[in-house]
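Visitor: Taken in order, the sequence shown gives residues 1 to 406; the numbers are from full-length UniProt numbering.
We put the CB at the ideal spot given by N, CA and C, even for glycine.
On a predicted model such as this, the values are computed, not experimentally measured, just so you know.
Right, I'll just put the structure down here and ask away after.
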Amino acid sequence: MNTIAIIGGGASGMMAAIFAARKGAKVLLLEQNDRLGKKILVTGNGRCNYTNTYQDTSCYRSEQPDFIMQVLDQFPAEKVIAFFRELGIYPKDRNGYLYPFSDQASAVRDVLKQEVYRLGVDVRTGISCTGIQKTNERFSLQTSHGSLTVDQVILCNGSKAAPSTGSDGSGYALAKQLGHQIIPVLPALCALHCTGKHFRAIAGVRAQGKVSLFVDGELTAADTGELQLTAYGISGIPVFQISRYASKALYEQKEVVAILDFLPEYSVDEVKFLLKERANRQPEKTAEQFFTGLFHEKLAAVWLKFTKIKKEKLCGDFTDADIQRLSWMIKEFKSPVIKTNSYEQAQICCGGVDTTQINPETMESRLVPGLYFAGELVDVDAICGGYNLTWAWASGYVAGCSAASA
Numbered sequence: 001m002n003t004i005a006i007i008g009g010g011a012s013g014m015m016a017a018i019f020a021a022r023k024g025a026k027v028l029l030l031e032q033n034d035r036l037g038k039k040i041l042v043t044g045n046g047r048c049n050y051t052n053t054y055q056d057t058s059c060y061r062s063e064q065p066d067f068i069m070q071v072l073d074q075f076p077a078e079k080v081i082a083f084f085r086e087l088g089i090y091p092k093d094r095n096g097y098l099y100p101f102s103d104q105a106s107a108v109r110d111v112l113k114q115e116v117y118r119l120g121v122d123v124r125t126g127i128s129c130t131g132i133q134k135t136n137e138r139f140s141l142q143t144s145h146g147s148l149t150v151d152q153v154i155l156c157n158g159s160k161a162a163p164s165t166g167s168d169g170s171g172y173a174l175a176k177q178l179g180h181q182i183i184p185v186l187p188a189l190c191a192l193h194c195t196g197k198h199f200r201a202i203a204g205v206r207a208q209g210k211v212s213l214f215v216d217g218e219l220t221a222a223d224t225g226e227l228q229l230t231a232y233g234i235s236g237i238p239v240f241q242i243s244r245y246a247s248k249a250l251y252e253q254k255e256v257v258a259i260l261d262f263l264p265e266y267s268v269d270e271v272k273f274l275l276k277e278r279a280n281r282q283p284e285k286t287a288e289q290f291f292t293g294l295f296h297e298k299l300a301a302v303w304l305k306f307t308k309i310k311k312e313k314l315c316g317d318f319t320d321a322d323i324q325r326l327s328w329m330i331k332e333f334k335s336p337v338i339k340t341n342s343y344e345q346a347q348i349c350c351g352g353v354d355t356t357q358i359n360p361e362t363m364e365s366r367l368v369p370g371l372y373f374a375g376e377l378v379d380v381d382a383i384c385g386g387y388n389l390t391w392a393w394a395s396g397y398v399a400g401c402s403a404a405s406a
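The structure is reproduced here in structure tokens:
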């Protein structure tokens with residue numbers, strides 16, 4: 001019986017181990033942490049949004065986007081839901097975002113771990129893999145506990161994001177040792193740092209709005225939702241969704257600018273009309289009082305400073321130019337981006353093993369027969385909403401089944 005070594009006991013690694021073992025393979029699961037599934041515990045703010053009922057190619061990103069759906073189609077969200085229900089996880093549906101009914105990420109980790117052990121997988125924790133070679137149709141693994149020889153290998157080491165959970169990017173070096181190309185690995189699903197001392201004045205403000213990302217003057221990505229303004233820049237789910245494009249552009253030394261729109265449902269002309277009507281209705285109020293009840297006072301103060309409108313000025317004295325400048329503050333608050341948050345604060349990474357070197361039908365390397373990949377190590381990332389875990393489940397399933405059937 002062939003032995004399959006799975007490097008990495010996270011979401012994709014446990015998934016690969018389960019399905020390889022279910023097909024009768026002898027499975028060895030190596031994890032450098034002292035326990036399996038550590039990163040799962042921090043997903044979904046500790047609740048684990050494990051998949052989403054809405055699935056579309058636009059939810060996933062890669063240098064080769066067609067690759068992704070060929071994998072996901074083999075283990076779609078419906079199968080993810082059924083698989084976890086079989087293990088005892090009943091879904092709590094929040095507008096398509098699925099969580100375990102107990103709202104505990106630990107429940108997802110625990111049922112996977114229980115199934116891994118039930119199937120007799122040889123689990124070895126506290127072991128890191130530092131080298132890999134293939135000779136005479138078998139793989140030699142150099143680990144922190146000596147050498148191992150196995151028939152097939154599935155690399156599920158994860159990315160560089162959240163290194164406190166054990167994701168140190170070691171899998172990229174292993175892939176490179178066997179000749180694979182790595183698309184630059186950069187922080188994603190993270191906050192953006194912007195220029196401007198004014199951000200300290202608006203730190204802590206949350207507002208509904210739209211963020212649009214321009215790279216060298218061209219619109220690259222946009223998203224709408226609750227924006228969070230910080231002392232260093234911008235955060236919140238919409239910012240996370242576009243952050244991978246900022247990371248890539250900054251890496252390529254391009255100019256990156258985020259434009260914030262605090263009334264995306266209105267055109268500029270409609271905002272001008274709204275502000276003019278508001279000023280006419282309260283002519284005795286000051287500019288400092290003008291936005292009360294409409295926008296946060298911290299935002300209003302910064303806008304007045306940018307437009308050079310004195311806070312004592314009466315609304316009845318606003319000129320058309322004042323209204324115009326305030327309208328543009330609301331609709332196009334320009335924020336040049338200078339960097340992203342680090343790997344420590346990023347939820348995931350973009351980049352990874354080049355998917356042109358992987359067969360999407362099997363997740364097997366096109367360069368090295370018997371070598372498979374799964375999870376975040378591969379050049380696939382996704383937006384918030386359970387999609388990155390959906391990729392982990394699907395790619396782990398395909399890799400595990402394929403390796404066991406080879």
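Going straight from the alpha carbon of isoleucine 202 to that of aspartate 320, what length do you get?
Guide: Straight-line Cα distance between these residues: approximately 26 Å.
Visitor: Within 10 angstroms of its Cβ, does glutamine 181 collect 16 or more other Cβ (buried), or is it exposed?
Guide: Classification of glutamine 181: exposed, given that the 10 Å Cβ count is below 16.
Visitor: Are there 16 or more other CB atoms within 10 angstroms of the CB of asparagine 341, so buried, or fewer, so exposed?
Guide: With 16 or more Cβ atoms within 10 Å of its Cβ, asparagine 341 is classed as buried.
Visitor: Excluding the 5 residues flanking threonine 43 on each side, which residues of the same chain have their C-beta closer than 7 Å to its C-beta?
Guide: Excluding sequence neighbours, threonine 43 sits near Asn49, Ala105 and Leu389.
Visitor: Measuring only the C-alpha atoms, how far is lysine 39 from glycine 88?
Guide: Lysine 39 and glycine 88: Cα-Cα distance of roughly 20 Å.
Visitor: Looking at the strands, I want to know which residues DSSP matches up with alanine 221.
Guide: Looking at the DSSP assignment, alanine 221 forms a beta bridge with Leu213.
Visitor: Sorted by chain position, which residues of the same chain lie with C-beta nearer than 8 Å to cysteine 59's C-beta, five sequence neighbours on each side aside?
Guide: Cβ within range, chain order: Asn52, Ala382, Ile383, Gly385 and Tyr387.
Visitor: Fully enclosed by the region 133 to 210, which beta strand (DSSP E) runs are 3 residues long or longer?
Guide: Within the region 133 to 210, the complete beta strand (DSSP E) runs of at least 3 residues are 138 to 143, 146 to 150, 152 to 155, 182 to 188 and 192 to 194.
Visitor: Taking glutamine 324 as the reference, which of Ala175, Val302, Leu263 and Asp269 has the closest Cα?
Guide: Checking every option, the nearest Cα to that of glutamine 324 belongs to Asp269.
Visitor: State buried or exposed for glycine 169, treating a residue as buried only when at least 16 other CB atoms are found within 10 Å of its CB.
Guide: Glycine 169 is buried by the Cβ-count criterion.
Visitor: Of the choices Met14, Ser395, Ala249 and Tyr245, whose alpha-carbon is the least far from that of glycine 120?
Guide: It is Met14 whose Cα lies nearest to the Cα of glycine 120.
Visitor: Along the chain, where does the alpha helix (DSSP H) containing arginine 85 start, and where does it finish?
Guide: Where arginine 85 is concerned, the enclosing alpha helix (DSSP H) stretches over 77 to 87.
Visitor: Curious, which full-length alpha helix (DSSP H) runs of at least 4 residues does the region 86 to 124 contain?
Guide: Runs found: 105 to 118.
Visitor: Within 10 angstroms of its Cβ, does tyrosine 90 collect 16 or more other Cβ (buried), or is it exposed?
Guide: Classification for tyrosine 90: exposed.
Visitor: What do you reckon, are the CB atoms on isoleucine 7 and cysteine 129 nearer than 8 Å?
Guide: The answer is yes: Cβ separation under 8 Å.
Visitor: So, do the region 241 to 249 and the region 218 to 228 have three or more beta carbon pairs nearer to each other than 8 Å?
Guide: The answer is yes - the region 218 to 228 touches the region 241 to 249, with three or more Cβ pairs under 8 Å.
Visitor: Got a sec, what are the start and stop residues for the beta strand (DSSP E) proline 238 sits in?
Guide: Run containing proline 238: none in the beta strand (DSSP E); it sits in the alpha helix (DSSP H), 237 to 251.
Visitor: Measuring alpha carbon to alpha carbon, tell me which residue in Pro360, Cys401 and Ala406 is nearest alanine 17.
Guide: Alanine 17 has its Cα closest to that of Cys401, out of Pro360, Cys401 and Ala406.
Visitor: Under 7 Å Cβ to Cβ from residue 408, same chain only, skipping five residues before and after it: list those, please.
Guide: Here the chain covers residues 1 to 406 and nothing more, so residue 408 does not appear.
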